[in-house]
Structures are given as structure tokens and as C-alpha cells.
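Below you'll find the structure, written out as C-alpha cells, and then a few comments.
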Amino acid sequence: MKNVDAMLSEGQEKLLTHVRESVIGKGSTFIGPFGSRQVVYLDYIASGRALAFIEDYIREEVLPWYGNTHTSTSVASRKTSSLRENARNVIREAVNATNDDVVIFTGNGSTGAVNKLIHALDLEEPPVVFIGPYEHHSNILPWRELGADVIRIQTTSDGHVDLLQLDDLLKAWSKEKRQMIGSFSAASNVTGILSDVDAITVCLHKYGAVALWDCATSAPYTTLDMNPDVKGEAAKFVHKDAMFISPHKFVGGVGTPGVLVAKKHLFKNPVPHCTGGGTVLAVRTEGHRYLREIEVREEGGTPNIVGAVRAGLVFQLKSLVTADVIMAREHYLFRKAKEAWQFQRDLIILGPLEADRLPVFSFLVRHFATGSLIHHNFVSVILNDLFGIQARGGCACAGPYAMDLLGVPEDLAIEIEHLLAEDRRPESQRTDRHTEDCHREIFKPGFTRLNLPYFMTEEELDFVLQAVTMVTRHGWTLLPQYTFVVETGEWKHRTAAESSDVRDLSYTADVITGKEVTNSSITDTAPSLKVCLGKAAEIFNKAWQYPQVDEELQQFDETDRPFIWFLLPSQASRVLRGQHLGTPVSDQPSVNGQDVFDDERDWAQVGGWCGEGVGCRGPVMRFSLKAALGNTTGKGVRSPEDHTLSPGMKPEDFARRKRKWQKQKRPGSVGKDGRFNDESQSVQRLPRMFAFMAPFLHHKS
Numbered sequence: 008m009k010n011v012d013a014m015l016s017e018g019q020e021k022l023l024t025h026v027r028e029s030v031i032g033k034g035s036t037f038i039g040p041f042g043s044r045q046v047v048y049l050d051y052i053a054s055g056r057a058l059a060f061i062e063d064y065i066r067e068e069v070l071p072w073y074g075n076t077h078t079s080t081s082v083a084s085r086k087t088s089s090l091r092e093n094a095r096n097v098i099r100e101a102v103n104a105t106n107d108d109v110v111i112f113t114g115n116g117s118t119g120a121v122n123k124l125i126h127a128l129d130l131e132e133p134p135v136v137f138i139g140p141y142e143h144h145s146n147i148l149p150w151r152e153l154g155a156d157v158i159r160i161q162t163t164s165d166g167h168v169d170l171l172q173l174d175d176l177l178k179a180w181s182k183e184k185r186q187m188i189g190s191f192s193a194a195s196n197v198t199g200i201l202s203d204v205d206a207i208t209v210c211l212h213k214y215g216a217v218a219l220w221d222c223a224t225s226a227p228y229t230t231l232d233m234n235p236d237v238k239g240e241a242a243k244f245v246h247k248d249a250m251f252i253s254p255h256k257f258v259g260g261v262g263t264p265g266v267l268v269a270k271k272h273l274f275k276n277p278v279p280h281c282t283g284g285g286t287v288l289a290v291r292t293e294g295h296r297y298l299r300e301i302e303v304r305e306e307g308g309t310p311n312i313v314g315a316v317r318a319g320l321v322f323q324l325k326s327l328v329t330a331d332v333i334m335a336r337e338h339y340l341f342r343k344a345k346e347a348w349q350f351q352r353d354l355i356i357l358g359p360l361e362a363d364r365l366p367v368f369s370f371l372v373r374h375f376a377t378g379s380l381i382h383h384n385f386v387s388v389i390l391n392d393l394f395g396i397q398a399r400g401g402c403a404c405a406g407p408y409a410m411d412l413l414g415v416p417e418d419l420a421i422e423i424e425h426l427l428a429e430d431r432r433p434e435s436q437r438t439d440r441h442t443e444d445c446h447r448e449i450f451k452p453g454f455t456r457l458n459l460p461y462f463m464t465e466e467e468l469d470f471v472l473q474a475v476t477m478v479t480r481h482g483w484t485l486l487p488q489y490t491f492v493v494e495t496g497e498w499k500h501r502t503a504a505e506s507s508d509v510r511d512l513s514y515t516a517d518v519i520t521g522k523e524v525t526n527s528s529i530t531d532t533a534p535s536l537k538v539c540l541g542k543a544a545e546i547f548n549k550a551w552q553y554p555q556v557d558e559e560l561q562q563f564d565e566t567d568r569p570f571i572w573f574l575l576p577s578q579a580s581r582v583l584r585g586q587h588l589g590t591p592v593s594d595q596p597s598v599n600g601q602d603v604f605d606d607e608r609d610w611a612q613v614g615g616w617c618g619e620g621v622g623c624r625g626p627v628m629r630f631s632l633k634a635a636l637g638n639t640t641g642k643g644v645r646s647p648e649d650h651t652l653s654p655g656m657k658p659e660d661f662a663r664r665k666r667k668w669q670k671q672k673r674p675g676s677v678g679k680d681g682r683f684n685d686e687s688q689s690v691q692r693l694p695r696m697f698a699f700m701a702p703f704l705h706h707k708s
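Quick note: the sequence shown uses the working numbering, first residue 8, plus one each step.
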């Protein structure tokens, strides 16, 4: 942290503090199944949050003079048009664009920018398009629908784009005399791995390919440079042909349009992408003529004026903080999280940790004793309900890369796709618009994702590191308290009423307000982050008291059951009731990637070590089933004979209890190999089904 602090001027330190304190929604609370919690937003890779000082500026300086563009005859229109062009120029300067480049506000994020450019290229025949290994669907689907030959470059062993493969393929395809296009992500929205943008650009240009960059994930943090000033042979190749940017992912960027920055020579289209008002010089009874100025003709219709101004403001804010300071903070946050999480046995962070990365973490949580993974949506819900952490479950709209990381081969992906799409409901029941395209979302493989924003405090960072660690070790113990919806993949607490944070729009005193559906009178204050950790520990300690839950297999057809790759609540319930003997979870678990407690004195106070047979590293239970069965030999894990289980317990009592466990043969027991044997109503897996999970279900080396 000292190195990061050394980079900050006094003004930048104050600015970071101001940004942090100005996030609209900071300190917001909600009532969940475990009481009131503060919202801790860690989903900036999906969308940023609004900043009070930017919204104040818009309310005070923009909206009072708001008028439509496309005219200069009124003061409102002149001022509005001027502000919007100022925003364009701020972005132009921020990305080092020249007179050869255009900056266009367009559509929804990078998706709108990609589609805008494809239309502008006006290709006469399908091109050959090289895409990166970790592309968002927005940088895959438009090229496929164009009919292009889409070639996906693989990763190297360290997780980066394989430049040697790209070079070989470019060399081979250059002989075909077809238009070659390279369209790559500057950073993965799944792992945060950063591409070597300049090196890939040079490689593409050497073979005459167009170099396009999806900067949706990287733009809020890294330096964006359309025209780098470099020496040597690379100088004539290193310029970018286009960048796709999603300003809504910037802090403060709520409601901003997408931005396309591109070389003018790419615009070959005689007809604008979106024809209409503002795109024409003249329209006659029997003809019309479009404008030539690209930035005008490609922004037809009344634009998102306020959003464009806001986009300029967030780019200006980034320039004030500077990309160097932001990236120093990003690297610091990644390093701290890596140190805390990389040795957690049952936390599988996707993507190589040695790669150059943003602090974006997509991860799986496994339950070691059963050999099952914990469903990613359940993990996300527990982070929300127990800690207030706003994370995301799914595949992050990067399906091919997600399948690579999870080890899902194409043939299995096809089977899963068919399972998700097949509707077995009676015709009379096919009316739910929310499930008309996917009928078994619960089976879709995925992960939990969060990111660490550069302006977060040390207290917030420590809280997040500890919260994820606790969920990794103990989150599965809350499974019996939750139910899932097969169709949507949602997980909900069994006792929770309809959430009080669901709102409807309504008119009250001529102002649109959020009308709370339930519990509108609750004004409870959420506990501090430190107290929240303690409350979570108490909840985990009492998890075993929850009543046994019923089997869920009746929710699945026989053909569905082989696809159940996640731990079911009923299975977790049986494990819980078999293994709990009362050891408390630490109120202050350490996050050094080792054990929950700091030293052996802490272990001795609570008694026992957590063995290899349960989905935790620390003593969420008195002792593990595997330890009770006498099979604990792992490094740093002691057999139950090494400690009494609790102060005052006699060794002979413990030995007798151990023998009792060894003799038991019951449904849901853990065998001598430390694996869960669910002998009644077990889910029979196909031999190869979800074999991709195998590397994740073994002890980390």
C-alpha cells in the first residue's frame, strides 16, 4: 500500500476519497433473511454506479438548459449541443484520437459500437475474423451473423492471447486475398486478464488485417491509446483501427451510451447505420442526400444527450485520477486478494493467477466431502444475504471462454443447450414469459464473479476478503435453508417473504417514486462491516440446528438427474446433521490463505482441527467426518487425537464418539476416502457427465 500511496498526490488522495464517498447508494441497506445489511457493490465489471457530484452537475448545469440538438437557433439547443460536443472532445483527447479518427455515441455499450462499425465497413463478401479467447458475446455474435469465418485464437499457458498462433494463422489466411479483421478484448470480463494490445495490433497490421479492440472491461482502468507514439518498426503498425467502449461500466457512468472510436477510412457505407433525422443534407419528394460528416450522419435521431455528457464527465474524472494511479491500485487489490484466496482449498479462482490481471475474480466453490460444487447462484445469493455483497452468478456473457475455463467440451455443451431449451411443460402451462427460452437454468454451468473497485477502502477490502473466505469454507452449511427454482436457477431463503427491495413505479405528487412492495415501514440500521462478519459466524455456527429438509429429486425428470452437478440442500442437510458437534466459527477469521485461526492457541481454545473431509479449512464443525474416521493425514491437518475436542471433554469420551462414527453406515455418510456417499435416492451421474469438474474436486497441490 505504501508504494500506491507514494504515487498519489494530495489532490488525488482527496479525489479518490471524494469518489468513494460520492457513490450514490453507498451505505444503502436492505432487509434480507438474516436481517439488515449494507450494500457492498462489487459488480462494476457489469455496470458502474452513479456519482453524486456528476449528477449534481447534470442537474444544475445541464438539465436547466436542456434542449434538442440539430439546431442553433435557441439558447437551450446551442448550450446542449455545445456540452455534447465538449464531451466528445474530452473522450477524443482521453483516447489520443487524431483528425483521422471519429468519436461516435451509439446504442447500448460496446454492443452498439460493434454493430455500428460492422455496418460501416460495408463488406461485399464475408471476411475472415480473428477473435480472442475471452470475447464477450457482443464481439462474437455480430461477426457470426455477418457470415464471416470466425477464428478463435487460443490462450498460452499463462492465459494470454497466443501471438504465435495468431501470426501463423494470419500468414496462412493472407494468401486467400480476403479481408482480414482482428477483433480482440483488451481485458477479459471473466478473469480480468489483460491483453498485450500493442503487440497484437502490430501483428495484425503486419499482415494487412484491421485491428479492432473491445475495451468494455479495460476502459475504466487502463490507458486507452488509439495512436501510440513509439519508435522503430512498430511505429507504422501500432495504431488502432477502432475501439468499442462501454462508458456505463465507469464509476459514474450510469445511463451513458456506447462509444465507437474509429478511423475514418473504415466508413465505406453510403447509407448511415440508422437513417432518419439528423443524417441528411436534404430530403426531396422523390429523393434525399445524406450528410458526409461521419460523426453527424452516424448519430441519427435524437441522441442520448444527457448520457453523452455524462460519458464525457466520467472520462474526465478518469483523466484526473490518471490511469497510472488507477492501475497501481488495481494491481495492489489483485495482489491482496490473491494472497488471501489462492490457498483456500475449496475456492477455485478461474484463470492463471500469474497473468497480468485486473482484480476481477470469477470463482467456483466446492464441497470437498461430497465431490460436488456449490451452485454459483447460491454462492452469489449467500454473499448478498449474509454480507450485502453484490456479486454476479452465471457465465458473464462470455460463453466460449467460460466453457474453456470449466473444461466443458463442445459435445457436452450441446447436450446442456438441448436440456436448457427443451420445454416439457403441458401446453396450458407455457405462459411464463420469463422462462419461455430456458426451462432448466439450474443446470447451466457457471461461476460467481466480483471485482474490487480501485477506490474501495482498506476496511471494505478486508471485509470482502474475509466474507469470501467464510463463504468458501462454510457457505454450504446454509444450503438447507434455501430452495431453488429449476426453471430460472434462482435460490431463495425458505422463510423469506417477497423481498422488500422490489419496487414498482408509481406517481406520487407528480413525481415518479419507488413504491415498496412489502415491509415499507422498516427503517432498520445495518450493522457495521466488522459486526456483520461476527453475525455471519454466529449464523454458520447455528446452521446445524435447521430442520432436516426433504429430497428435491422429485423436481427433476429421470433424464435430468444425470446433469445435477451441484450439492443439493437435502444432501447438505444430511452432512450437517451427521457432522456437527459444536465447534464455533471464528468471529475474526484470518485471510492469509491458511487457517481460520491465527495460531495453535486459538485452535486449542476451540478444540480440534478441520480435516480433509469437509468443505472448509477451518473448524466450522467440531471435527471433520474424515478426521472422526481416522483418515486425516493431510499437511497441516491434525487427527482428532492431537487435541481434545473442547475444554473439559475427556479423551475416552472422544474416542467412544469416534468409534461410533466409524461403525455407522447411513445414507449420506462420508466414507474412508473422505467422499460423500449418498446411498439413498442418490443422483446417478453419467460416466462422463461433468467430468470437467474433476480437476476442481481434488485437493489443491
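For every residue, glycine included, the Cβ atom is placed at its ideal position computed from N, Cα and C. Please read all numbers here as calculations on a predicted model, not as lab measurements.
- Along the segment 141 to 168, the beta strand (DSSP E) occurs as fully enclosed runs of 3 or more residues at 156 to 159, listed in sequence order.
- For Asp331, the enclosing alpha helix (DSSP H) covers residues Ala330 to Trp348.
- Beyond the five residues adjoining it in sequence on each side, Asn122 comes within less than 6 Å, by CB distance, of Pro149 in the same chain, given in chain order.
- Around the beta-carbon of Glu361, fewer than 16 other beta-carbon atoms lie within 10 Å, marking it exposed.
- Between Lys343 and Leu472, the C-beta spacing is below 8 Å.
- The Cβ neighbour count for Gln562, taken over all protein chains shown within 10 Å, is under 16; the residue is labelled exposed.
- Minimum Cα-Cα distance from Val303 among the listed residues Gly294, Pro279 and Ser326 corresponds to Pro279.
- By a beta-carbon distance limit of 8 Å, Ser89 does not contact His143. Their separation comes to about 34 Å.
- Per DSSP, Thr113 is one residue of the beta strand (DSSP E) stretching across Asp108 to Thr113.
- A direct Cα-Cα distance of roughly 6 Å separates Leu49 from Leu459.
- Look at the beta carbons and you see the segment 246 to 254 touching the segment 264 to 274: at least three pairs across the two are nearer than 8 Å.
- If you look at Ser190, you'll find it in the beta strand (DSSP E) that goes Met187 to Ser192.
- Leu58 is positioned such that its CB atom lies closer than 8 Å to that of Ile31.
- One alpha carbon belongs to Trp551, the other to Arg584, and they sit about 6 Å apart.
- If you ignore the 5 residues before and after Ala218, its C-beta comes within less than 7 Å of the C-beta of Gly189, Thr208, Leu211, His212, Lys247 and Asp248, all in its own chain and listed in chain order.
- Taking C-alpha positions only, Asn93 is separated from Val316 by approximately 8 Å.
- Here Tyr553 has Pro487 and Gln488 as same chain residues with Cβ atoms under 6 Å from its own Cβ, once five neighbours each way along the sequence are excluded.
- In the three-state scheme derived from DSSP, where H, G and I count as helix and E and B as strand, Thr479 is classed as helix.
- In the DSSP assignment, Ser379 is bridged to His374.
- Restricting attention to Ser54, Asn548, Leu540 and Phe41, the CA atom closest to the CA of Val261 is found in Ser54.
- Three or more Cβ pairs closer than 8 Å define a contact, and the segment 217 to 231 meets that threshold against the segment 195 to 208.
- Per DSSP, reduced to three states, the secondary structure at Ile31 is coil, with no helix or strand assignment.
- Of the residues Gly285, Glu293, Val290 and Phe350, the one whose Cα lies closest to the Cα of Glu300 is Gly285.
- Between the segment 371 to 390 and the segment 490 to 500 there are three or more inter-stretch CB-CB distances shorter than 8 Å, so the stretches are counted as touching.
- The beta carbon of Phe341 sits closer than 8 Å to those of Gly199, Arg364, Leu365, Pro366 and Leu459, all from its chain and outside the five residues before and after it, given in chain order.
- Rounded to whole angstroms, the gap between the alpha carbons of Met477 and Phe274 is 53 Å.
- Going by beta carbons, Lys270 and Asp107 fall inside the 8 Å limit.
- Distance check between Thr118 and each of Val102, Ile138, Pro134 and Asn146 places Asn146 closest, using alpha-carbon atoms only.
- Annotation: Tyr228 to Met334 spans about 6 Å, alpha carbon to alpha carbon.
- In terms of CA proximity to Ile355, Leu371 leads the group Gly18, Arg399, Lys345 and Leu371.
- Counting C-beta pairs closer than 8 Å gives fewer than three between the segment 17 to 30 and the segment 422 to 430, which falls short of the contact rule.
- Rounded to whole angstroms, the gap between the alpha carbons of Val538 and Asn234 is 50 Å.
- Following the DSSP letters along the chain, one finds Gln45 inside the beta strand (DSSP E) bounded by residues Gly42 to Gln45.
- Gly482 and Asn96 have their C-alpha atoms some 49 Å from each other.
- Phe491 is the residue among Ala503, Asn311, Phe491 and Phe60 whose C-alpha sits nearest the C-alpha of Leu560.
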